[in-house]
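Heads up: the structure comes next, in C-alpha cells.
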Amino acid sequence: MTRHPVSRRDFLRRTAATAATLGFATPALAQPTAGRVVVVGGGFAGASCARALKRIDPRITVTLVEANATFTACPLSNAVIAGLRDLPAQQFDYKRFAAQRITVTLAPAVGVNADARTVILNDGVRLPYDRLVLAPGIEIRWDALPGYTEAAAERMPHAWRAGDQTMLLRKQLESMEDGGLVVMSAPANPFRCPPGPYERASLIAHFLKTRKPKSKLIVLDAKDAFSKQGLFLNAWKELYPDLIEWVPLSKGGSVTSVDPKTNTLTTEFGIHKAAVANVIAPQRAGRIAELAGVADKSGWCPIDPVTFESKLRPNIHVIGDAAIAGAMPKSAFAANSQAKVCAAALAKLLAGEKPDEPKLINTCYSLVAPDYGISVAGVYEPRGGLLADVKGAGGVSPANASPDVRTLEANFANGWFTAITGEVFG
Amino acid sequence: MKPSIFLAACVVLCLSTGAASAIDVAPAGAAACSGCHPVSRAIETPFTPLVGRNPTEIVTAIQEFRSGQRPGTVMDRIAKGFTDDEIKTIAAWYAAQKD
Ligand SMILES: Cc1cc2nc3c(=O)[nH]c(=O)nc-3n(C[C@H](O)[C@H](O)[C@H](O)COP(=O)(O)OP(=O)(O)OC[C@H]3O[C@@H](n4cnc5c(N)ncnc54)[C@H](O)[C@@H]3O)c2cc1C
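If you read the sequences in order, they're chains P and W. Counting from 1, one number per residue, gives the positions in the first sequence under our numbering. Counting from 1001, one number per residue, gives the positions in the second sequence under our numbering.
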C-alpha cells in the first residue's frame, strides 16, 4: 500500500474502518453524521443511490429500506419468458451492502411524515432522516382497466414486475398448444420501459417460431407509435413474417376491458380470445410516493432536474421510474444514472454546498432475437426545469446495420446487464 | 498500514474534509459512463474499463467517435452529447480513479 498512491475514496473507506475498530476519535470521524439519508426502494434507482452516496461521502448515514430480501430484475426478463434464460440469473440480494456500512432494513415503508421527517415502517418503527430518497418503482393501476384486478393478473399476467409473474407467463406459453393465439396489450405513455413490450413481442415470437410454429401473436396497442418502432417492425418482417400482428390505437388497438374467466381482451373494434394473454396494464409510481405526497394527479412525481428533489415536498427526492424525468424514459439505465446524480446532489446539499449541473445518459438495448440487438441512446441535461435531450446526441441503431453489428449489440445488451448489476449489487 | 502513515494520511484527510468543498463528486456525465463501462475490472463485460486510464486516450477516442472517424455501435451517439471540455474533465477524473 505504501507503493501505490491511495485515492481519497479508498483512504476514507479504510480509515473509517480502522478508526471504528480501534476506537480512534478524529475530528471528521467522531461525527459520522454528515447527515442521515433514508432510501426507500432497493431497485436500480434506490440501491444505486445508497451505494453512490457512501462512495462519495462515507460519513453520511445511509439506510436502505426494501420490502424484499431478493431483488428480481426486469431487464432481460423477456428472455426468461421466452425460455432463453432462467429466473435466478435475474436475482440479487443486499449482502454486499453491509461492507459499505449501509444499513439495509428489509421491511415495507408504509408512510412518510414529511413534517417530522420520518419514514414509517410496517412494524411501526420510525426512521428519521435529513433527506429522503423515494425509489419505489411502479405499481399496476388496478383501477385503470375494467376487469384487470390483482386476481385477474393470476390468469392474465402483466409480468411487468419480474418474479412470479414472469414465470407464470413463461409457463403459460410452454403449456400452450401449437396453433394457439397469444395476445399482448401495451399501455399508453408513460410507462416502465418504452421498448419493453416490443422486445417481449419479439422474443415471444422467437419462442413460437422455434417451438410452436403454427401459433400467432397479436399486440394490441394503446399508441400509434412506439420506441425503436422502425427497427422493430423491420426486424419482425425479416424474422417473424406473418407471426406478429401489431394493432395500433388508430386501428382499434386500445384495450377497453379484459375478462379473466374467458381470457378475452376487448377493444372498441372487437373481442380477442387468447390462449395466452399478457396484459401490460397502465402504471403509476409505487404507492409510497402518493402516501408521501410527492405524486401528482398523473400518478407520477414531479422533480427538480438538478437535485431530483420533489417539487411538491421539500427534502424528499424521487428517482427512477416513479419520477417525471422529462425526456428520460423509465429504464434501469436511467434509474442508475439518476441515482448517481441524486447522490452527488445530496452529498453537496448535506454539506451546505450547491449541487453541480448534471449530465445524464440513457441507453436501452432490446433483443429482437437472441443474436439480434438494437439500442436507443440519449444524453440529457436540465433545461427549462426539466431533463431535456442534448440536441444532436443520441438516437437509435442504424436501420441498415449489418448482421454482425446486430450480434454485437445483442452481446452488449447482455454485457450491459452484467455491468450495471455488478455496480448496483456486486 | 503502518501507524505513522495512517496518522500522516489522517491529518491530510481531516484537513481536506474540513475544507470548503470537501465533497468529491464525479464531473457532469462521468457517473453515467459506468452504466456500461464497468466500475471494477472484476466485472466481466465486453465494455473496456475507464478507471485509471490515460486521459488522452479517452479524449481522443471520444473525439473520433464524435467525428465518425472511429466506428462505434453506440459511442458515436453518446459522444455527440459532450463538449471537448466536458470530455477532458471526465477523462481526467477517470484517470485519477482506482479500481
Ligand atoms: C420486461 C421489462 C424489460 C425491461 N428491460 C429493460 C432494459 O433492457 N433496460 C433498462 O434500462 N430497463 C429495462 N426495464 C425497465 C427497468 O426494469 C425499470 O426502469 C427499473 O427497474 C426502474 O428502477 P426503479 O429503481 O425505479 O424501480 P425497481 O427496480 O422496480 O425498484 C423498486 C424497488 O422498490 C421496492 N419498494 C417499492 N415500494 C416500497 C416500499 N413502500 N417499501 C420498501 N420497498 C419498496 C420494490 O420492492 C423494488 O425492489 C425493463 C422493464 C421490464 C418490465
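Just so it is clear, CB atoms sit at the ideal spot from N, CA and C, and this is done for glycine as well. On a predicted model such as this, the values are computed, not experimentally measured, just so you know.
query, result
"Quick check on the DSSP output: what are the complete beta strand (DSSP E) runs of length 3 or more inside the stretch 214-243 of chain P, in order along the chain?", "216-221"
"Per DSSP, Val40 (chain P) is paired with what?", "P:Val65, P:Leu134"
"In the DSSP output, which residue or residues are listed as bridge partners for His272 (chain P)?", "P:Leu265"
"Using a beta-carbon distance below 8 angstroms, is Ala353 (chain P) in contact with chain W?", "Reading off the sequence, residue 353 (chain P) comes out as Glu, not Ala. Chain W contact via Cβ: present."
"Within 8 angstroms of any Cβ in chain P, is that where the Cβ of Ser1034 (chain W) sits?", "yes"
"Could you give the uninterrupted runs of the alpha helix (DSSP H) lying entirely in the stretch 153-207 of chain P, keeping only those of 4 residues or more?", "164-175"
"Return yes when at least one heavy atom of ligand 3 lies under 7 angstroms from the C-beta of Asp321 (chain P), else no.", "Because ligand 3 does not appear in the structure shown, any question about it cannot be addressed here, the ligands present being ligand 1."
"Could you run through the stretch 187-210 of chain P and flag, in chain order, every residue whose CB is less than 7 angstroms away from some CB of chain W?", "none"
"Under 8 angstroms between C-beta atoms, does Ala1026 (chain W) make it to chain P?", "yes"
"Need the endpoints of the beta strand (DSSP E) that Arg383 (chain P) sits in, please.", "372-383"
"Please return the same chain residues whose Cβ sits closer than 8 angstroms to the Cβ of Asn234 (chain P), not counting the five positions on each side in sequence.", "Ala399"
"Could you have a look at Glu1064 (chain W) and say whether DSSP puts it in helix, strand or coil?", "helix"
"Please name the residue in P:Trp416, P:Ser254, P:Leu181 whose C-alpha comes closest to that of Lys223 (chain P).", "P:Ser254"
"Select from P:Ile374, P:Leu84, P:Glu139 the residue whose C-alpha is nearest the C-alpha of Glu290 (chain P).", "P:Glu139"
"If the cut is a Cβ gap below 9 angstroms, which residues of chain P does Pro1055 (chain W) touch?", "Within 9 angstroms Cβ-Cβ: nothing; Pro1055 (chain W) doesn't reach chain P, min ~15 angstroms."
"On the DSSP bridge list, what partners appear for Ser310 (chain P)?", "P:Ile303"
"Less than 8 angstroms between CB atoms is the rule here; does Phe1065 (chain W) satisfy it with respect to chain P?", "no"
"Is there contact between the stretch 1054-1062 of chain W and the stretch 1087-1099 of chain W, where contact requires at least three CB pairs shorter than 8 angstroms?", "yes"
"Considering only their Cβ atoms, is the gap separating Ala1026 (chain W) from Glu357 (chain P) smaller than 8 angstroms?", "no"
"Ignore the nearest five residues each way along the sequence and tell me which others in Leu169 (chain P)'s own chain have a CB closer than 7 angstroms to its CB.", "Ile81, Pro157, Ala159, Asn278"
"Counting only the same chain and skipping the five closest in sequence on each side, list residues whose C-beta sits under 7 angstroms from that of Phe207 (chain P).", "Ala82, Gly83, Leu173"
"Could you check if Lys37 (chain P) belongs to the surroundings of ligand 1, using beta carbon to heavy atom distance under 7 angstroms?", "Here residue 37 (chain P) turns out to be Val, not Lys, going by the sequence shown. Answer for Val37 (chain P): no, Cβ out of range of ligand 1."
"The alpha helix (DSSP H) that contains Ile1078 (chain W), what's its start and end?", "1075-1079"
"Since Val1059 (chain W) meets chain P, which of its residues come closer than 9 angstroms, beta carbon to beta carbon?", "Correct list: empty, because the minimum Cβ distance to chain P is about 16 angstroms."
"Please determine whether the Cβ atom of Ser337 (chain P) lies at a distance below 7 angstroms from any heavy atom of ligand 1.", "no"
"Roughly how many whole angstroms lie between the Cα atoms of Ile280 (chain P) and Asn189 (chain P)?", "12 angstroms"
"Taking a cut of 7 angstroms between CB atoms, which residues from the stretch 1066-1080 of chain W lie near chain P?", "Thr1073, Val1074, Arg1077, Ile1078, Lys1080"
"For a test of your reading of the model: does the CB of Asn414 (chain P) fall under 7 angstroms from any non-hydrogen atom of ligand 1? Yes or no.", "no"
"Measure from the alpha carbon of Pro108 (chain P) to the alpha carbon of each residue in P:Tyr148, P:Arg117, P:Thr421, P:Leu64, then state which is nearest.", "P:Leu64"
"Strictly under 8 angstroms for the Cβ-Cβ distance: is Ile1062 (chain W) near chain P by that measure?", "no"
"Tell me the DSSP bridge mates of Ala388 (chain P)?", "P:Glu381"
"Assign Gly286 (chain P) to one of three DSSP states: helix, strand, or coil.", "coil"
"Using only the alpha-carbon positions, how far apart do Pro128 (chain P) and Ser1034 (chain W) sit?", "31 angstroms"
"Judging by CA-CA distance, which residue of P:Val276, P:Ala369, P:Tyr198 is the nearest neighbour of Glu154 (chain P)?", "P:Val276"
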